[in-house]
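Once you know that position 633 of the sequence shown is 632 in numbering that gives the first Met the number 0, the rest is easy, because the numbers rise by one and skip nothing.
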Amino acid sequence: MRAVAVLAVIVGHAGAVSGGFVGVDVFFVISGFLITGLLLSEAARSGRLSLMGFYARRARRILPAATVVLLATVVAAVLYLGFLDAIDVARDAIWTALFAANIHFALEGADYFAQEQATSPLQHYWSLAVEEQFYLVWPLVVGLIVLVARRRGGGRAVPTRALLAAILLIGAASLAWSVVDTADSPGSAYFSSLTRAWELAVGAAVAVLLHAGRTMRRRWPAEVLGWAGIAAIAVALTTYDEGITFPGHLAALPVLGTAALVVAGASRGAPSTVSRALAVRPLRAVGDWSYSLYLWHWPLLVLPVTRLQRDLTVTETLAAVAATFVLGYLTFRFVETPFRTGRTWRLPRRALVLYPASLVLVLPTALAGWAWSEHRGGEHGNDPAVTAEAFGEDDSSPEALVEASVQAAQEGWPIPSDLTPDLLDLEDDVADVGECDYTEDDVDALCRRGDADAERVIVVTGDSHARQWIPAFEQIAGEAGYAAYYLVKPQCTAAFVDPGRVVSGAHWPECGEFHDWVAEQVAELSPDLLVVATSPPPHGIYQDGELVEDLDLVEEGLEVGFADAFAAYSPYADRLVLLADTPRLPDDPGSCLAAAGAELGDCLFEPADQSTRMRDASMVAADRAGVETIDPTSWLCADGLCPVVIGSTIAYRDRGHISTTRAAELAGALGDALGLR
Numbered sequence: 000m001r002a003v004a005v006l007a008v009i010v011g012h013a014g015a016v017s018g019g020f021v022g023v024d025v026f027f028v029i030s031g032f033l034i035t036g037l038l039l040s041e042a043a044r045s046g047r048l049s050l051m052g053f054y055a056r057r058a059r060r061i062l063p064a065a066t067v068v069l070l071a072t073v074v075a076a077v078l079y080l081g082f083l084d085a086i087d088v089a090r091d092a093i094w095t096a097l098f099a100a101n102i103h104f105a106l107e108g109a110d111y112f113a114q115e116q117a118t119s120p121l122q123h124y125w126s127l128a129v130e131e132q133f134y135l136v137w138p139l140v141v142g143l144i145v146l147v148a149r150r151r152g153g154g155r156a157v158p159t160r161a162l163l164a165a166i167l168l169i170g171a172a173s174l175a176w177s178v179v180d181t182a183d184s185p186g187s188a189y190f191s192s193l194t195r196a197w198e199l200a201v202g203a204a205v206a207v208l209l210h211a212g213r214t215m216r217r218r219w220p221a222e223v224l225g226w227a228g229i230a231a232i233a234v235a236l237t238t239y240d241e242g243i244t245f246p247g248h249l250a251a252l253p254v255l256g257t258a259a260l261v262v263a264g265a266s267r268g269a270p271s272t273v274s275r276a277l278a279v280r281p282l283r284a285v286g287d288w289s290y291s292l293y294l295w296h297w298p299l300l301v302l303p304v305t306r307l308q309r310d311l312t313v314t315e316t317l318a319a320v321a322a323t324f325v326l327g328y329l330t331f332r333f334v335e336t337p338f339r340t341g342r343t344w345r346l347p348r349r350a351l352v353l354y355p356a357s358l359v360l361v362l363p364t365a366l367a368g369w370a371w372s373e374h375r376g377g378e379h380g381n382d383p384a385v386t387a388e389a390f391g392e393d394d395s396s397p398e399a400l401v402e403a404s405v406q407a408a409q410e411g412w413p414i415p416s417d418l419t420p421d422l423l424d425l426e427d428d429v430a431d432v433g434e435c436d437y438t439e440d441d442v443d444a445l446c447r448r449g450d451a452d453a454e455r456v457i458v459v460t461g462d463s464h465a466r467q468w469i470p471a472f473e474q475i476a477g478e479a480g481y482a483a484y485y486l487v488k489p490q491c492t493a494a495f496v497d498p499g500r501v502v503s504g505a506h507w508p509e510c511g512e513f514h515d516w517v518a519e520q521v522a523e524l525s526p527d528l529l530v531v532a533t534s535p536p537p538h539g540i541y542q543d544g545e546l547v548e549d550l551d552l553v554e555e556g557l558e559v560g561f562a563d564a565f566a567a568y569s570p571y572a573d574r575l576v577l578l579a580d581t582p583r584l585p586d587d588p589g590s591c592l593a594a595a596g597a598e599l600g601d602c603l604f605e606p607a608d609q610s611t612r613m614r615d616a617s618m619v620a621a622d623r624a625g626v627e628t629i630d631p632t633s634w635l636c637a638d639g640l641c642p643v644v645i646g647s648t649i650a651y652r653d654r655g656h657i658s659t660t661r662a663a664e665l666a667g668a669l670g671d672a673l674g675l676r
């Protein structure tokens, strides 16, 4: 079954099936079953549990291979990737070494502004962190229940009912939270131990029941149950995809399927056909190697993608999978096996040294890699900023500098030594919204910014692409004598449509509630100027309860949604302006600039077609409604090309958002376009 789990994960990540991630859920059930079974056997044998012995066995099993792959990945990232990606990997490695990778990635998954970042080659360690946390807590719970039962006169008997009650309580609470949290915060819920504990609890419950002798005695029920389990896992593998909200209730299919397979395999009758199929030698071998295979497969697939900034070809993917099996076998043979079965590490005190030894190896390596990468990203040399004068222009307009920057990139100029914002700080370059952060779904506050004492009012509304302009509007409002309100909610497009939740694309009624709230505030504030700025929804839009992703239908829906928004705002605003969306880049600007040997020409892109089309839909709707439109494209691109560096300013913080520095630089141009200067 471990072979089934790891093969599902590998082929899923290689792109062969859409739901390969459910292999992790299979692993969780197996872990809950095996660990609980070991604890129960020891309790039945001796009447107590040796926590030191348990943790020593886990250390021998987990730490050596995990440490080897972790070190190899950090070193490869430092040598192979750009310095920004290498810093991210070093940071991830520190969290991973502390058994907290899932917490780290949950925090990133909940951060909308981290969605554009490259996938970490260590992200798969999140599931290992969940299991490690389970290993730390569950033996204490079982040990406490066994101890209480023994003191009450239970002798060496395993307190089955008490254990099942505890498992039921923990599992039910975890499942309930998984359903709720997956719906509310799918990006973080996916990695959470609290949303995954019930999956381990299912395996633990099966172990308790089988230990108590509740096994199937006839072959045909086991046969049916086994094939039902296989079918459940197969359905999840082939029908689930990254667009679903997971884990939540959908995880029940692979989890219960795995539990059914375990129960069927424990039948007292003759082995079923499923059991015999899973016991063939190749699958047993893959099952033995499964842990090392799991550790190696993800960095081997992700590191090349991050370096190349493109998807792997079929040949490259097959090569990565082949390398996974070679390294997986070698690690099993020469790392896992000696530590797990060798005499040197059988003493618990020696085995427990493996964790501090792992930290001694990983933390200095990660910190050294981090420091070296920061040194690589420091300001070295005297490469100048691009100027319009360098190309014979004495025009000081933003358009002239953009044109010069495009020409410099085409001529292969070096990247300026003094970049603003600093590349090392680029991912944190998000416009400040102060106390009025509407990222969460509860909204009830207004913050008066700009010239807070002014009588005239500007309101800016939209999603994060409205938020990116705050540095410009702060200058404009302050200089022109306007108070400013920024009613912006990341990923909730300003068009009156349901764009679905970030990451999952699930139905998001709170976005519609935010639209209603903004309309109420606009009616009360009666602004002198209302500016709408927004990006298109990344997952399509919901119509009649169904997610629509066809571009033609989305375009039509957006035009209607913008028309509805303009109609709702127009009666209450003296002046209504659409600030059209900024062009979207096809690649990450930070990774491009941080790549070894990069020049300006390597970071010159054509804007993405889809975002341009969706932006045009907003402009069509504005034109039909008689709403003024300002198109910022010429402030960022020229001749159909968008330079990442304009002058010496990094124009974009990620693929879609301009940097706060560039936004501030465009305050004059935007103010002129609005007629406020």
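From the three backbone atoms N, C-alpha and C, an ideal C-beta is built for every residue, glycine too.
All of these numbers come straight from a predicted model, not from anything done at the bench.
Applying the 10 Å Cβ sphere with the 16-neighbour rule, what's the burial state of residue i?
i	result
Gly186	buried
Gln122	buried
Asn381	exposed
Asp394	exposed
Glu523	exposed
Val147	exposed
Ala231	buried
Met51	exposed
Ala165	buried
Glu241	exposed
Gln609	exposed
Leu683	Look at the range of the chain in this structure, 0 to 676, and you will see that residue 683 is not part of it.
Gly411	exposed
Taking the alpha carbon of residue i as the reference point, which residue from the options has its own alpha carbon closest?
i	options	result
Gly377	Ala164, Ser590, Ala13, Asp421	Asp421
Val201	Ala231, Ala148, Gly256	Gly256
Arg160	Ala175, Arg150, Ile144	Ile144
Val690	Asp527, Ala235, Glu130, Leu163	The structure shown does not extend to residue 690, since the chain spans only 0 to 676, so no value can be given for it.
Val429	Cys602, Leu362, Ala662	Ala662
Ala43	Val459, Val129, Ala483, Arg149	Arg149
Ala100	Glu131, Ser610, Gly81	Glu131
Ala666	Ala579, Val8, Val487, Ile469	Ile469
Ala616	Ala188, Glu554, Val254	Glu554
Leu193	Ile102, His464, Cys510	Ile102
Pro298	Leu326, Asp653, Ala251, Ala284	Leu326
Val559	Thr181, Leu260, Trp516, Ile540	Ile540
Ala562	Ala621, Asp287, Tyr484	Ala621
Glu335	Ala65, Ala175, Leu139	Ala65
Gly142	Leu423, Arg47, Ala518	Arg47
Pro489	Pro337, Pro383, Cys435	Cys435
Could you name the residues that DSSP lists as bridge partners for residue i?
i	result
Ala483	Arg448, Ile457
Cys641	Phe604
Asp683	As displayed, the chain neither begins before 0 nor continues past 676, which places residue 683 out of reach and without an answer.
Leu552	Looking at the DSSP assignment, Leu552 forms no beta bridge with any residue, so it has no partner.
Ile629	Leu578
Val530	Val459, Val576
Val547	Ile540
Pro158	Bridge partners of Pro158: none, in fact.
To which residues of the same chain is residue i closer than 8 Å at the C-beta, ignoring the five residues directly before and after it?
i	result
Met215	Ala221, Leu224, Val262, Ala263, Ala265, Ser266, Arg267, Gly268
Ser525	Val456, Tyr571, Ala572, Asp573
Thr364	Leu70, Val73, Val74, Ala92
Tyr481	Gly449, Asp450, Ala453, Arg455, Val456, Ile457, Ile475, Asp527, Leu528, Leu675
Glu398	Ser633, Trp634, Ala637
I think residue i touches residue j, with their Cβ atoms under 8 Å apart; what is that distance to the nearest whole Å?
i	j	result
Phe495	Val442	Not a contact, Cβ separation roughly 16 Å.
Gly639	Glu605	6 Å
Leu557	Met613	6 Å
Leu418	Val644	7 Å
Leu486	Gln520	6 Å
Trp369	Arg90	7 Å
Ala196	Ile169	6 Å
Leu300	Ala13	7 Å
Leu603	Ala408	4 Å
Val531	Ala471	The pair is not a contact, with the Cβ atoms about 15 Å apart (cut-off 8 Å).
Ile649	Pro588	6 Å
Going along the chain, which residues of its own chain have a beta-carbon closer than 6 Å to the beta-carbon of residue i, five neighbours each way excluded?
i	result
Thr35	Ala203, Ala206
Arg275	none
Val8	Gly19, Gly22
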